[in-house]
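Sequence lines, in order, name chains A and B. Going letter by letter, the first sequence gives residues 0 to 258 in numbering that gives the first Met the number 0. Going letter by letter, the second sequence gives residues 0 to 247 in numbering that gives the first Met the number 0. By construction, the Cβ of each residue, glycine as well, lies at the ideal position given by its N, Cα and C atoms. Since the structure comes first, as structure tokens, the remarks are kept for the end.
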Amino acid sequence: MSLLSPVAALGRVTLGLLAHLGRVAIFAAQVVSHIFRPPWYPREFFHALMQIGWFSLPVVGLTALFTGGALALQIYAGGARFSAEAVVPAIVAIGMVRELGPVLGGLMVAARVASSIAAEIGTMKVTEQIDALVTLSTNPLKYLAVPRVVAATLAVPVLVGVGDAIGIMGGWLVGVNRLHFNSAAYLKNTMDFLEVWDVSSGLIKGAAFGFLVALMGCYHGMHSGRGAQGVGAATKAAVVSASVLIFAANYLLTELFFS
Amino acid sequence: MIELSGVHKTFGSNKVLRGVDLTIASGTSMVIIGGSGTGKSVLLKCILGLVTPDAGQITLDGQDVTRGDRDAFLARFGMLFQGGALFDSMRIWENVAFRLLRGTLKRSKTEAREIAIEKLRRVGLGPHVADLYPAELSGGMQKRVSLARAIAAEPEIIFFDEPTTGLDPIMSGVINDLIREIVTEMGATAMTITHDMSSVRAIADNVAMLHGGKVRWTGPVSEMDATPDPYVQQFIHGRAEGPIESLR
Numbered sequence: 000m001s002l003l004s005p006v007a008a009l010g011r012v013t014l015g016l017l018a019h020l021g022r023v024a025i026f027a028a029q030v031v032s033h034i035f036r037p038p039w040y041p042r043e044f045f046h047a048l049m050q051i052g053w054f055s056l057p058v059v060g061l062t063a064l065f066t067g068g069a070l071a072l073q074i075y076a077g078g079a080r081f082s083a084e085a086v087v088p089a090i091v092a093i094g095m096v097r098e099l100g101p102v103l104g105g106l107m108v109a110a111r112v113a114s115s116i117a118a119e120i121g122t123m124k125v126t127e128q129i130d131a132l133v134t135l136s137t138n139p140l141k142y143l144a145v146p147r148v149v150a151a152t153l154a155v156p157v158l159v160g161v162g163d164a165i166g167i168m169g170g171w172l173v174g175v176n177r178l179h180f181n182s183a184a185y186l187k188n189t190m191d192f193l194e195v196w197d198v199s200s201g202l203i204k205g206a207a208f209g210f211l212v213a214l215m216g217c218y219h220g221m222h223s224g225r226g227a228q229g230v231g232a233a234t235k236a237a238v239v240s241a242s243v244l245i246f247a248a249n250y251l252l253t254e255l256f257f258s
Numbered sequence: 000m001i002e003l004s005g006v007h008k009t010f011g012s013n014k015v016l017r018g019v020d021l022t023i024a025s026g027t028s029m030v031i032i033g034g035s036g037t038g039k040s041v042l043l044k045c046i047l048g049l050v051t052p053d054a055g056q057i058t059l060d061g062q063d064v065t066r067g068d069r070d071a072f073l074a075r076f077g078m079l080f081q082g083g084a085l086f087d088s089m090r091i092w093e094n095v096a097f098r099l100l101r102g103t104l105k106r107s108k109t110e111a112r113e114i115a116i117e118k119l120r121r122v123g124l125g126p127h128v129a130d131l132y133p134a135e136l137s138g139g140m141q142k143r144v145s146l147a148r149a150i151a152a153e154p155e156i157i158f159f160d161e162p163t164t165g166l167d168p169i170m171s172g173v174i175n176d177l178i179r180e181i182v183t184e185m186g187a188t189a190m191t192i193t194h195d196m197s198s199v200r201a202i203a204d205n206v207a208m209l210h211g212g213k214v215r216w217t218g219p220v221s222e223m224d225a226t227p228d229p230y231v232q233q234f235i236h237g238r239a240e241g242p243i244e245s246l247r
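Below you can see the structure in the form of structure tokens.
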């Protein structure tokens, strides 16, 4: 074995990764360019909007509810160490709208939506339905990817907004019933400390995460391998890559918005 | 007329097509035969532009298929896929009328549905299947629906990829007869890929055998049985012994 073998192996991996990133970037650029060019498929868009937005509401809502409650308990326990229990409403609200609402909402949508998009499109690919679309003069990217990406980009901020409200309500429920806060004082504290930018920055994050989730689902579905194993691998890759990209984008957007 | 000259296609280290030359005259039915993995489906996908050849030229009525208006080019084709390739989220009539519900051939929903039901009737399916989903139909019925979709926009050229695979002999006979009747009454150019010899005899005007990435033999179906080519003879008689290597 040559001394340079490990370096060559590292180089191969790096080149492979860069090539993969390049393919994803080209795919994203194609999707975005098709958003502004007809034909558009409103029926597929509204169907995707229902699937991604409406049907994700229970899972996002429950996640936010329990996270808000747990956050209130943690902040109360931590704040008690230096007599700062009163910050619970403010920290729950800011924590939910700036970070936990968008990130956890994005992750739950990634688990639910990226997997289902990748499995659906991957199955269409292995059963030649995508080839059939082409022979029927329909661009698969425009017909399958664009409606899903646009729907997710619009639906996830709404889900995040609803999740934020439910998360704050979870904190309020625990604060009032378990930690014996005064209900009106808790709500006033929440409203006093929240700023418009806290909420809107979280919604912008939600839009970015929605775009990434649907993009990864469509990309991995369209590049799915053959057979059940290929579709399974595409589904797994879609969820993993969407989740990692959500964390990376969250850091970058937080740097951009708040540093 | 469809003309292929020197078409090559390689996937990784696998040279699938090694210089295919073939001519399919307008209004005739060409059947491509050959063993599994000889590149029959790849050849068909090259013509449609679903796979890009590495070398060679494919022309339709003298025009290079890679140039010109792609939508106008594809509008001339209909295709029946091996597994049907029906869209399982859509009802049967929506599958059949897919092309009539969008794009340049768009009709009103009512008109598209009427045409879909008429095409379903043409392939022997009643109007009661129109509102079902593909998963509710048997394999033979799905093939018929796929055939109805292929002819819905009355294309000039129809491709059939393994039209009888997975069907019992009676249903295979029904599908073969339907293909022959429809191609004749529409005056369409047809290209069929199969290794079912009963399909070849029922559908073909001309036959081409693909082997080793090239057209090994081509000629009228009436001359197929008499050809001395040992590859063709081994294939059409299904012999294990002969020049075509088989794994045992």
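Every beta strand (DSSP E) of 3 residues or more that sits fully in the segment 108-180 of chain B is shown, in chain order, as 156-160.
Below the 7 Å Cβ cutoff, chain A contributes 135 and 136 as neighbours of residue 98 of chain B, in chain order. Residues of the segment 48-75 of chain A with a C-beta atom less than 9 Å from some C-beta of chain B do not occur.
Listed along the chain, the chain A residues whose CB falls inside 8 Å of the CB of residue 159 of chain B amount to none; the nearest CB is some 12 Å away.
Taking residue 187 of chain A as reference, the option from A/168, A/224 and A/196 with the minimal CA-CA separation is A/168.
Using beta-carbon distances, residue 74 of chain B counts as an interface residue toward chain A, with a partner under 8 Å. Counting C-beta pairs closer than 8 Å gives three or more between the segment 161-176 of chain B and the segment 194-206 of chain B, which meets the contact rule. For residue 28 of chain B, the secondary structure class from DSSP, reduced to helix, strand or coil, is strand. A Cβ-Cβ separation of about 5 Å places residue 3 of chain B in contact with residue 19 of chain B under the 8 Å criterion. Rounded to whole angstroms, residue 66 of chain B and residue 117 of chain A show a C-alpha spacing of 32 Å. Residue 177 of chain A and residue 98 of chain A have their C-alpha atoms roughly 24 Å apart. One thing to note: residue 238 of chain A has its Cβ within 8 Å of the Cβ of residue 109 of chain A. For residue 242 of chain B, the secondary structure class from DSSP, reduced to helix, strand or coil, is coil. Relative to the Cα of residue 148 of chain A, the nearest Cα in the group A/17, A/255, A/43 and A/20 belongs to A/43. Sixteen is the threshold: when 16 or more other Cβ atoms of the shown chains lie within 10 Å of the Cβ of residue 118 of chain B, as they do, the residue is buried.
Interface residue (Cβ-Cβ distance to chain A less than 8 Å): residue 130 of chain B is not classified as such.
Residues of the segment 135-155 of chain B that bring their beta carbon within less than 7 Å of a beta carbon in chain A are absent altogether. Between residue 26 of chain A and residue 88 of chain B, the alpha-carbon positions lie close to 25 Å from each other. Following the DSSP letters along the chain, one finds residue 210 of chain B inside the beta strand (DSSP E) bounded by residues 205-210.
Contact between the segment 152-162 of chain A and the segment 199-214 of chain A is present: three or more C-beta pairs spanning the two stretches fall below 8 Å.
For residue 94 of chain B, the enclosing alpha helix (DSSP H) stretches over residues 91-95. Secondary structure note for residue 146 of chain A: its alpha helix (DSSP H) is the uninterrupted segment 145-176. When only Cα atoms are considered, residue 132 of chain A and residue 23 of chain B end up about 25 Å apart. Cβ-Cβ distances below 8 Å link residue 214 of chain B to 19, 20, 21, 207 and 208 in the same chain, with the five nearest sequence neighbours on each side left out; the list follows chain order. Sequence-distant partners of residue 56 of chain A (beyond 5 residues in either direction) whose C-beta falls short of 8 Å from its own C-beta, in its chain, are 158 and 161. Residue 63 of chain B carries a strand assignment under DSSP once its states are collapsed to helix, strand and coil. Taking 8 Å as the threshold, the shortest C-beta distance from residue 47 of chain B to chain A falls below it. Taking all protein chains shown into account, residue 112 of chain B has 16 or more neighbouring C-beta atoms within 10 Å of its C-beta and is therefore buried. For residue 80 of chain B, the nearest beta carbon of chain A is closer than 8 Å to its own beta carbon. Residue 232 of chain B and residue 221 of chain B have their C-alpha atoms roughly 14 Å apart. Separation of residue 142 of chain B and residue 102 of chain A (C-alpha to C-alpha, rounded to the nearest whole angstrom) is 46 Å.
Near chain B, meaning a CB-to-CB distance below 7 Å, the residues of the segment 107-129 of chain A are 126, 127 and 128.
Between the alpha carbons of residue 89 of chain A and residue 166 of chain A lies a gap of roughly 13 Å. Taking one beta carbon from each stretch, the segment 126-141 of chain B and the segment 81-100 of chain B have 3 or more pairs nearer than 8 Å; the two touch. At a cut-off of 8 Å between C-beta atoms, residue 102 of chain B counts as an interface residue with respect to chain A. Residue environment for residue 135 of chain A: buried (at least 16 other C-beta atoms within 10 angstroms of its C-beta).
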